[in-house]
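Engineer:
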Amino acid sequence: MQLHIFDTPEQACRAAAFLFAAQITEKADSVLGLATGSTPIPCYQDLIAFHRQGLLDFSQITTFNLDEYCGIDYKHPESYHAFMDRNLFDHVNICRENIHVPSGETDEEGAKYDEMIRAHGGIDIQLLGIGRNGHIGFNEPADAFSYGTHVVKLTQSTIDANARFFNSIEEVPKKAITMGIGNILSARKVVLVATGASKAEAIYQTMRGDITPQVPATILRTHPNCVILTDREAAAKL
Ligand code: F6R
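Heads up, the sequence shown stops at 998 in our numbering, and the numbers go up one at a time, no gaps.
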C-alpha cells in the first residue's frame, strides 16, 4: 500500500483525479468504481474540468457506484444516484446506460450487481472515502469481512448523522445496499482519499493497526495496488 501525504485536501483530491484521468487516457473504455460522500466532490470537479478542457472523454466509460440507500427513489435528491448526477454524470459525456448504481433491498439483487461487474470485466480503478470508524462503502465494523454486494441495516448513529439531509428522522433510510469488501479487493487499482482531522484515527488504524473486520479499511493492506491519498490533518497520527 502506498501513502502520499499532501499539504491540503484539494491536493489530495487532485492527485486522485490525476490517477483517474491517467486510467481513462490509457484505456478509453475503463470501468470506474465510484464513491459518494463529501470527500470525492473536489475530485469530480477536477474530472469535469479536464473534460471541459477537452482532455477527458467519458463516452466509452462504464461506472459502478459503491452503494445506495434502500427504499428511496433514484430521483430523490438524497439518493446516491442523484448525488452522482449532480456532482459528475450531468457534466461529462458519459452514456446513461453505462452508469450503474446498486439498487434493491435483497442480497439476490446484490448478486445481480456483482454479475454485471463481472460481465464488464471487473473494475479497473476504485475510488474510496473512509468513515471515521474505518468503514468503506457501507461496510461497517463487523465480526467478518463481507464478500459481494449485500444489504446492510444502518446503525442508529448513521441514521442520526444522515437525518440532517431529510425532512424528518422517519424519512431517513434504515437500510442500504453496498458492494462488499470482496468487490473492493477485486478492483485492479484502489485509490482511497481521506481528508481532515476527523479521519486521522481511521487512517492511523488503516496503516498501522491489526487487519480486522472491526476496522474494514485495514484489509486494503492486502491489496497489491492500493494508494492512500491524504492531507496533513488526516495523516496527523502516523
Ligand atoms: C460513500 C461511501 C462512504 C464514504 C464515507 C466517507 O459512497 O461509500 O464509505 O466514503 O462515509 O464519507 P465522507 O467523504 O462524506 O466523509
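By construction, the Cβ of each residue, glycine as well, lies at the ideal position given by its N, Cα and C atoms. These numbers were taken from a predicted model, which means no experiment stands behind them.
Return yes when the Cβ of LEU826 is within less than 8 Å of the Cβ of GLY891, no when it is not.
Structural biologist: no
Engineer: By the three-class DSSP mapping on this structure, what secondary structure does ASN943 have?
Structural biologist: In the structure shown, the three-state DSSP call for ASN943 is helix.
Engineer: Would you call ASN943 buried or exposed, if buried means 16 or more other Cβ atoms sit within 10 Å of its Cβ?
Structural biologist: The Cβ neighbour count for ASN943, taken over all protein chains shown within 10 Å, is at least 16; the residue is labelled buried.
Engineer: Rounded to a whole number of angstroms, what is the C-alpha to C-alpha distance between PRO984 and MET967?
Structural biologist: 14 Å
Engineer: Please state whether DSSP places GLY793 in a helix, a strand or coil.
Structural biologist: strand
Engineer: Would you call the segment 932-939 and the segment 911-920 touching, i.e. three or more CB-CB distances under 8 Å?
Structural biologist: Yes, the segment 932-939 touches the segment 911-920.
Engineer: Tell me whether the beta-carbon of ILE821 lies closer than 8 Å to the beta-carbon of LEU848.
Structural biologist: no
Engineer: Would you check whether the ligand F6R has a heavy atom nearer than 7 Å to the C-beta of ASP827?
Structural biologist: In this structure, the C-beta of ASP827 approaches the ligand F6R to less than 7 Å from one of its heavy atoms.
Engineer: Round the Cβ separation of ALA772 and LEU989 to the nearest angstrom and send it over; I've been treating them as touching at under 8 Å.
Structural biologist: 4 Å
Engineer: Does the Cβ-Cβ distance between ALA776 and VAL932 come in under 8 Å?
Structural biologist: no
Engineer: Determine the contact status of VAL791 and ILE883, defining contact as a CB-CB distance below 8 Å.
Structural biologist: Yes, they are a contact pair.
Engineer: What residues in its chain sit with their C-beta under 6 Å from that of LEU888, if we drop five residues either side in the sequence?
Structural biologist: ALA795, ILE896, LEU952
Engineer: Measuring CB to CB, does ILE1002 end up less than 8 Å from PHE818?
Structural biologist: Residue coverage of the chain in this structure runs from 761 to 998, which leaves residue 1002 outside it and unanswerable.
Engineer: Please state the DSSP three-state secondary structure of LEU952.
Structural biologist: strand
Engineer: So which of PHE926, ASN922, LYS997, PRO976 has the shortest CA-CA distance to SER958?
Structural biologist: LYS997
Engineer: Tell me whether the beta-carbon of PRO862 lies closer than 8 Å to the beta-carbon of PRO976.
Structural biologist: no
Engineer: Round the Cβ separation of ALA962 and GLY870 to the nearest angstrom and send it over; I've been treating them as touching at under 8 Å.
Structural biologist: Contact doesn't hold; Cβ gap of about 25 Å is too wide.
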